[in-house]
Each structure stands twice: as structure tokens, then as C-alpha cells.
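J.: A single structure is presented below for examination.
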Amino acid sequence: MSALAQAARAAEQKDEKAAAKAPEFVPGQSTRVDSDKLGSHFIVYVPPNYTPDRTWPIIFCYHGQGGHPTVSPFHRLTDGKNFILVGMPYVQQTVNVPSAKVISSHGYEQEMDVETKALTEVVIPFLCKHLSVDKRLCFVGGTSRGGWVCSTLGENIAPSCAGLIILCAGRERKARPLVNAKWFRKKPVFIGVGEKEVNRKSGEDAARFYARLGAKVTLEIFKGLGHQVDTKNERLRTWLLENGPLRYLKEDLAAAAKLEKAGKLGLAYNIHLAISEVSPTHEACGSAAKAAGAIAEKAKTDLAAAERQTSEKRYAQAAGLLVKLAKTYEGSPFGDTAQQQLAQLKSDPAIQAAIAQAELDDKADGLEAQAKAAEAKKDYATALRLYEQYLAGFAKAGRFAQVKAHLEAMKADKKIMARVRQQEADRECRGWLGIADNYINAGLNAKAETYLRKIIKEYPDTDWAAQARQRLAKIGKSADVGGT
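The opening residue of the sequence shown carries number -8 in the numbering used here; numbering runs sequentially from there.
In C-alpha cells, the structure reads:
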């Protein structure tokens, strides 16, 4: 083996080893991730309703003094659903990290630089690689010491931070201005402190500070509590839902409506279903559940019709319907079912021809629909052209004979053909007259004459011909077709 090949193989083995070490994230479970880069570990909790086909909001959770990486109290606040939760370590406490050796001789800001890099350069890229993370919805939250820390981290990464959740704490940088105050304009910030909390004043001061920046601040005083979080607090729970999985509710509902209008019911179903699963009590989620249910019922009815056609050996109709259903419900379980049923039909040689015919008819019907639409608008010239195109391209279509007979009837109708002649004259003469006028304006009368005589020759008894004769007279030419 050459040196180059050995090097390539070594690289492959290194990648294979790294892939083998990658943790498996199981929905509904927490996973410990050991990181050589951090010299520590972090905890990743994946909600039981997690699916990789859509993106998920995420909360980076920072624990209190003397604690360890944990997703508490956010696991209880979210009922373990709708969010990926990450229990973060404090890197500067880890003696294995080279930077930790110099932190004691530096200040708080240097510590926070290390924590910020641990989050943005190690943890977030790792999670985005292995999980379906919504980068628009990355929250930083913490309790007690973690609350103080997350205020600083949130300010450090403000442009990419969806919001702050400061619990049992306040703002660490009391006398330090922000790098860019505009970063917090309209940014959601939740601050929760106990009624008897030692840090209550700090929390209230922080709320006023962020409000002055234009942030959307929610200050909650946990009634009767001291230095602890009310995990049943409805205001905090609602805040998490509305700023997390329901943050883009209006946009999502508008997208679903647009998809439904376009006939893409499978994709619309997915959006409604995702919204409905966020909360059993939220009004918008209930409406989304009804919308998803309506689409599901329609899909089941449509699929049942295809099954009935198959059982009755009307294979062409069944295949044609399944082709349409696979497209209509694409991206959803109903679309998958349609594809599976269609694949079963296609696997039977005896009905492959019927399926091919159905697919041909589907394309032919589309062209016929265009022709009918043009005919309904009395655009007979376009309708004739499309019907001719149908006959030329779909000789084996099921409606070929009917379309041919209809086209012949149109051609036999003198009124229609007169209208066609007029429409053709309008289309062609408008263009020729425009070209002639451009030449006249440019002083190129000889070239203009060519197009003017063409109008008179092709359409002598029309208003276009009269206009052409007027222009010929204007440039001093005979109006006769063969004139000089």
C-alpha cells in the first residue's frame, strides 16, 4: 500500500472511530455527552415527540452553585415536551481545560469568554450535526448562579439568541453597557424570582434594564417562594410555548393555508399536526388539531376510494387516483401509503399497462383542461393550438376520440373560425405593425414597407390592413400589394 493510500485509510479509520463514538439520542431520554474539547460533559434531553423531519427549539440550561449539568427545572416546566434541553457544564471549573489554569488570574469577563466559546464553538455545532435544531430558537436559561451566567452569555450571543430565561437571579453586568443595545430590541426575556427571594431586587432591576433596551420583558414574582422556581407557574409555561414552538405560529398557519390552496395537503397536514402537538390546551393548537383531522379524514376517504377501485379491478382508475394522491399528500403518512399502494400495483406485470395508461391520461387531461380554459375565455386560437397539440402528443389517450371530434366541430363552426382568424390577425399584425413603426421612426422606410405589405397580403380585409395602407401612403409608397 502506498504512503498516500495509507494516509487516506488512516483518515477513514479516524472518521469511523469518531462516528462509532457519536452518542445515540433517543426521544424521551437524556444522554450524557463526554467532550474532549470541553474536558467535561453535558446532558442532552430529546423530547418524546421529537422527529427529525422538522426543526426543534432548544434551551441551554445552566445550573446553580455546586451543582452539575442538568436539564432541571426546564424539564418540569416543559413537561419534557417540545424542546431539546441541554444541561451545560461550567468549563472554567474543569481543570483539564488549558484555559482554566489562567482564569483565576483574570476576571469574570474572561471566564464568560470561555463559556461563550464552549457554547458557540463546541456544543451548538455538535448538536446541529446530530439533531434537527431550529437555529432561530436557541434559548439560554439558568437558575441561581446559572441565571446570572445566562444573562451574560445571552448578551454575548444576542444576535443568535432567541431569548433569555433568568430564574432566581438578575443581570451580572450591572455597570457594564451592552456591545450593541439594538440586539435586544423586541427580544423575549423572562425573569422569574421568588416573592421572598434574596435576589428579587436584582431580578427587578434586570427587568427594568432590558425593558429600557426595548426587549419584550416578562417579570414574574413566584408567590410565597424564596430562592426556588415555581415549575407549575402558568405564565412561565405559556411564555416558553409562545416564544418557543409557537413563536412563528402566524407564519406557520399562513404557510399551511397557502399549501392547502395549492393542493399540497400532505405538507399542510404536517404543519397543522406539529402545532397541534405542542399543547392540549392552547387555543391555536386545538384549531390546528381540527385542521389536521379534517385533512386526515379526507386522505382516508381518498385512499379508501383507491382501494375500492383496486378490489373492483379498475386498475387504471386506481393507479391514476394513487398518482394524484401521492402528489397531493406528499411528505405525510398518507402520501407514503399512496406510494406503497402504487408500488404494489406496479409490481404486477398484468396491470403495468393500465398504470401507464393512467399516467398518460393524467398528462393528457391536464393539456385538455388548458384548452378548455382557453375556449371558455373565447381565446379560440389558443384553444385550437392546444387541442392540436393534444392530438399530436396523446394518440393513445383515453379521451383522444372525444377531443378529436370536438376539435373537428370547432373547425366546422364558421363563427368560431372567423374569431380564430381575427385573433390570429390581431396577434400577428400587432407585432408586424409595431416593427414597421419602429423602422419608420428610425427612417428605415424600405424595411418598414416589407412588414406593412405583409399585413395587407395576409389579412387584406381587416382594420390592420387599413392601418398598413395609411402608413404606406405616409411614407410615399403605393398601397397595392405589388406596388413600388
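We put the CB at the ideal spot given by N, CA and C, even for glycine. These figures come from a predicted structure and were not determined experimentally.
For Q332, does the count of other Cβ atoms within 10 angstroms reach 16, so buried, or fall short, so exposed?
T.: Mapped onto the sequence shown, residue 332 falls at position 341. Counting Cβ neighbours within 10 Å, Q332 comes out buried, since at least 16 surround it.
J.: Measuring straight from C-alpha to C-alpha, what distance separates S26 and V170?
T.: Here residue 26 refers to the residue found at position 35 of the sequence shown. Here residue 170 refers to the residue found at position 179 of the sequence shown. Answer to the nearest angstrom: the Cα atoms are 30 Å apart.
J.: I'd like to know whether the C-beta atoms of L68 and C52 end up nearer to each other than 7 Å.
T.: Position 77 of the sequence shown holds residue 68. Position 61 of the sequence shown holds residue 52. Contact: no.
J.: Are three or more beta carbon pairs between the segment 215 to 223 and the segment 167 to 187 nearer than 8 Å?
T.: yes
J.: Just the Cα atoms here: how many angstroms apart are M408 and L316?
T.: In the sequence shown, counting from the first residue as 1, residue 408 sits at position 417. In the sequence shown, counting from the first residue as 1, residue 316 sits at position 325. CA-CA distance, M408 to L316, rounds to 40 Å.
J.: With H, G and I counted as helix, E and B as strand and the rest as coil, what does DSSP make of S96?
T.: Locating residue 96 in the sequence shown gives position 105, where the first residue counts as 1. Note on S96: pLDDT 37, under 50, position unreliable in the model; the coordinate value appears next. Coil.
J.: Could you have a look at E211 and say whether DSSP puts it in helix, strand or coil?
T.: By 1-based counting over the sequence shown, the position of residue 211 is 220. In the structure shown, E211 sits in a strand (DSSP, three-state: E or B).
J.: DSSP three-state call for L76: helix, strand or coil?
T.: Position 85 of the sequence shown, counting from 1, holds the residue named residue 76. Secondary structure at L76: strand, using DSSP grouped into helix, strand and coil.
J.: Going by DSSP, what residue range makes up the alpha helix (DSSP H) through I342?
T.: If you number the sequence shown from 1, residue 342 lands on position 351. I342 -> no alpha helix (DSSP H), and no H or E assigned at all.
J.: Quick check: Q361 and L377, are their CB atoms within less than 7 Å of each other?
T.: Working through the sequence shown from its first residue, we reach residue 361 at position 370. Working through the sequence shown from its first residue, we reach residue 377 at position 386. In contact: Q361 and L377 (Cβ atoms closer than 7 Å).
J.: Using only CA atoms, which one of A248, P39, L240 and P451 lies nearest to I266?
T.: As a working mapping, residue 266 is identified with position 275 in the sequence shown. Of the residues A248, P39, L240 and P451, the one whose Cα lies closest to the Cα of I266 is L240.
J.: Please classify G277: does DSSP put it in a helix, a strand, or coil?
T.: Residue mapping note: residue 277 aligns to position 286 of the sequence shown, counting from 1. Residue state, collapsed to three classes: helix.
J.: Run through the segment 306 to 394 for me and flag every whole alpha helix (DSSP H) of 4 or more residues, listed as ranges in chain order.
T.: 306 to 319, 324 to 337, 343 to 367 and 371 to 384
J.: Please report the residue range of the beta strand (DSSP E) in which T134 lies.
T.: For this step, residue 134 is matched to residue 143 along the sequence shown. T134 -> beta strand (DSSP E) spans V124 to T134.
J.: Output the distance between the C-alpha atoms of A388 and A355, rounded to the nearest integer angstrom.
T.: Residue mapping note: residue 388 aligns to position 397 of the sequence shown, counting from 1. Residue mapping note: residue 355 aligns to position 364 of the sequence shown, counting from 1. Their backbone Cα atoms lie some 7 Å apart in a straight line.
J.: Hey, out of T42, R136, V82 and K72, whose CA is closest to L122's CA?
T.: For the purposes of this step, residue 122 is taken as residue 131 along the sequence shown, with counting starting at 1. Here the closest residue by C-alpha is T42.
J.: Using alpha carbons as the reference points, say which of I342, A290, G205 and F200 lies closest to G326.
T.: Indexing the sequence shown from 1 puts residue 326 at position 335. Among I342, A290, G205 and F200, the Cα nearest to that of G326 belongs to A290.
J.: Quick check on this structure: which residue in T61, G357, Q300 and P64 has the alpha carbon closest to the alpha carbon of A345?
T.: Indexing the sequence shown from 1 puts residue 345 at position 354. Nearest C-alpha to A345: Q300.
J.: Check this for me: beta carbons of A372 and Q414, under 7 Å apart or not?
T.: Counting from 1 along the sequence shown, the entry for residue 372 is found at position 381. Counting from 1 along the sequence shown, the entry for residue 414 is found at position 423. Taking 7 Å as the Cβ cut-off, A372 and Q414 qualify as a contacting pair.
J.: Quick check: the Cα distance between N224 and F65, rounded to an integer number of angstroms?
T.: Locating residue 224 in the sequence shown gives position 233, where the first residue counts as 1. Locating residue 65 in the sequence shown gives position 74, where the first residue counts as 1. Their Cα atoms are separated by approximately 12 Å.
J.: Compute the beta-carbon to beta-carbon distance between L128 and I49, rounded to the nearest angstrom, for a pair I have assumed lies under 8 Å.
T.: For the purposes of this step, residue 128 is taken as the residue at position 137 of the sequence shown. For the purposes of this step, residue 49 is taken as the residue at position 58 of the sequence shown. 7 Å between Cβ atoms; contact.
J.: Locate the beta strand (DSSP E) running through V24, then write down its first and last residues.
T.: Locating residue 24 in the sequence shown gives position 33, where the first residue counts as 1. It spans S21 to S26 - the beta strand (DSSP E) in which V24 sits, taken as one unbroken run.
J.: So which of G311, K255, V140 and K173 has the shortest CA-CA distance to R164?
T.: As a working mapping, residue 164 is identified with position 173 in the sequence shown. For the residues G311, K255, V140 and K173, the minimum Cα distance to R164 belongs to V140.
J.: Output the boundary residues of the beta strand (DSSP E) element that contains F175.
T.: Locating residue 175 in the sequence shown gives position 184, where the first residue counts as 1. Unbroken run through F175: none, as it is neither H nor E.
J.: What is the residue span of the beta strand (DSSP E) that S31 lies within?
T.: Working through the sequence shown from its first residue, we reach residue 31 at position 40. Unbroken beta strand (DSSP E) run through S31: S31 to Y36.
J.: To the nearest angstrom, how far is it from the Cα of Y260 to the Cα of G132?
T.: Numbered from 1 along the sequence shown, position 269 holds the residue referred to as residue 260. Numbered from 1 along the sequence shown, position 141 holds the residue referred to as residue 132. Cα to Cα, the separation comes out at about 32 Å.
J.: Closer than 6 Å by C-beta to Q393: which residues in its own chain qualify, once you throw out the five before and the five after it? Chain order, please.
T.: Here the question's residue 393 lines up with position 402 in the sequence shown. Around Q393: no qualifying Cβ.
J.: Report the rounded CA-to-CA distance for G357 versus G322, giving the unit in angstroms.
T.: Looking up residue 357 in the sequence shown gives position 366. Looking up residue 322 in the sequence shown gives position 331. So the alpha carbons of these two residues sit roughly 23 Å apart.
J.: Starting from L256, follow the beta strand (DSSP E) in both directions and report where the run begins and ends.
T.: The sequence position of residue 256 within the sequence shown is 265, counting from 1. DSSP places L256 outside any beta strand (DSSP E); the residue lies instead in the alpha helix (DSSP H), whose first and last residues are L256 to S267.
J.: Just list the residues that DSSP pairs V184 with in beta bridges.
T.: Position 193 of the sequence shown, counted from the start, is the residue given in the question as residue 184. In the DSSP output, where bridge partners are listed per residue, V184 has I212.
J.: Can you tell me the Cα-Cα spacing of C276 and T46, whole angstroms?
T.: As a first step, residue 276 must be located in the sequence shown, where it is residue number 285. As a first step, residue 46 must be located in the sequence shown, where it is residue number 55. Approximately 18 Å between the Cα atoms of the pair.
J.: Please determine, among A297, T292 and K120, the residue with the shortest C-alpha to C-alpha distance to P14.
T.: The sequence position of residue 14 within the sequence shown is 23, counting from 1. Among A297, T292 and K120, the Cα nearest to that of P14 is on K120.
J.: With H, G and I counted as helix, E and B as strand and the rest as coil, what does DSSP make of L204?
T.: The sequence position of residue 204 within the sequence shown is 213, counting from 1. Here L204 sits in coil by DSSP.
J.: Could you name the residues of the same chain whose beta carbon sits closer than 6 Å to that of P89, not counting the 5 residues immediately before and after it, in chain order?
T.: Sequence index remark: in the sequence shown, residue 89 carries index 98 (1-based). Note that P89 scores a pLDDT of 42, beneath 50, so its modelled location is shaky; the value from the coordinates is reported in the next line. Excluding sequence neighbours, P89 sits near nothing in its chain.
J.: Run through DSSP, which three-state label would L435 get?
T.: As a working note, residue 435 is residue 444 in the sequence shown. L435: coil per DSSP, three-state reduction.
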